[in-house]
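Q: My questions will all concern the structure given below.
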Amino acid sequence: MIEIKNSITFPAEFVLITPTRRLVKSSEFKIYYKKQSFKGTVFFFNDLLLFTKKHIFDEKITMKAHFSLLQCIVADLSSKIEKKEFWFSVVNRDQPDSPIEIAASSFAEKREWMDAIRHHTLTLLKSSPATSSTRFKKYRSGTVNLNTVFRDSRPPLL
0 MIEIKNSITF PAEFVLITPT RRLVKSSEFK IYYKKQSFKG TVFFFNDLLL FTKKHIFDEK
60 ITMKAHFSLL QCIVADLSSK IEKKEFWFSV VNRDQPDSPI EIAASSFAEK REWMDAIRHH
120 TLTLLKSSPA TSSTRFKKYR SGTVNLNTVF RDSRPPLL
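Per numbering that gives the first Met the number 0, the sequence shown runs over residues 0 to 157.
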């Protein structure tokens, strides 16, 4: 954790190291975020997804985004967009207009990451006292609808 913290430039208010946080996995991907495409590393912690970008000129690594797993919805893009068979999307329900699209190198890698994120999200949803039982049941049943799972005052996801 300290090695990751020391290698990435974070905003001053961001706290990476916590007593319960542990790294599950990390990998480099092609990432599309806020109309920018770049090669970056996704760090998957037991409670957080961290997206970074390595700058070509100075080799500096900066944090582009982070999502709490309690706020994440993961979706397969291959069924929606023909040319993106190995792509999946991570949406933060607090920032629905800024999804992150990730290109895996294979179907197996995409499935592995999507399943791992869903599994850890489900584990957090089960253990979180603030989680509504309806949200948990919809997530567990696999009937996740990006427009209705987290129905509240926010505009619907497209």
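Idealized CB from N, CA, C, for every residue including glycine.
Nearest to Ser105 by alpha carbon, out of Pro98, Val73, Phe87?
A: For this step, residue 105 is matched to residue 106 along the sequence shown. For the residues Pro98, Val73, Phe87, the minimum Cα distance to Ser105 belongs to Phe87.
Q: When DSSP labels each residue in this structure, what does Ser97 get in the three-state scheme?
A: As a first step, residue 97 is located in the sequence shown; it is residue number 98 there, counting from the start. Residue state, collapsed to three classes: coil.
Q: Let me know the secondary structure DSSP gives Leu49 once reduced to three states.
A: Reading the sequence shown from its first residue, position 50 is the one you call residue 49. The answer is strand: DSSP assigns Leu49 an E or B state.
Q: When the Cα atoms are used, what is the spatial distance from Arg20 to Asp57?
A: Translated into the one-based positions of the sequence shown, residue 20 becomes position 21. Translated into the one-based positions of the sequence shown, residue 57 becomes position 58. Straight-line Cα distance between these residues: approximately 29 Å.
Q: In whole angstroms, give me the CA-to-CA distance for Ile72 and Arg117.
A: Mapped onto the sequence shown, residue 72 falls at position 73. Mapped onto the sequence shown, residue 117 falls at position 118. Answer to the nearest angstrom: the Cα atoms are 8 Å apart.
Q: Mapping DSSP to helix, strand and coil, what is Ser131?
A: Counting from one through the sequence shown, the residue named residue 131 turns up at place 132. Note on Ser131: pLDDT 49, under 50, position unreliable in the model; the coordinate value appears next. Here Ser131 sits in coil by DSSP.
Q: Is Ile99 closer than 7 Å to Phe50 when the C-beta atoms are compared?
A: On the sequence shown, residue 50 is found 51 positions in, with the first residue counted as 1. On the sequence shown, residue 99 is found 100 positions in, with the first residue counted as 1. Cβ atoms of Phe50 and Ile99: closer than 7 Å.
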